[in-house]
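Numbering (the working numbering), first residue to last: 55 to 105. We put the CB at the ideal spot given by N, CA and C, even for glycine. None of the values given here were measured: they were computed from a predicted structure.
Written out as structure tokens, the structure is:
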């Protein structure tokens, strides 16, 4: 499938997944830096839910 064959919804989903991959290193670094705090666990859960 070529990109020009995707509609707006397909392109939005594709960009969301690509941004998730791009932001994953930041989430992992945040988790390793601040340990098992409530905010860290929530951020990690949000990242997993986006996937």
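Opening and closing residue of the alpha helix (DSSP H) in which residue i lies
i: residue 91; result: Careful: residue 91 lies outside any alpha helix (DSSP H) and carries neither H nor E.
Sub-7 Å separation of residue i and residue j beta-carbons
i: residue 85; j: residue 98; result: yes
i: residue 101; j: residue 75; result: no
Residue i versus residue j - alpha carbon distance
i: residue 68; j: residue 88; result: 30 Å
i: residue 66; j: residue 92; result: 30 Å
i: residue 77; j: residue 71; result: 10 Å
i: residue 83; j: residue 96; result: 14 Å
i: residue 64; j: residue 79; result: 25 Å
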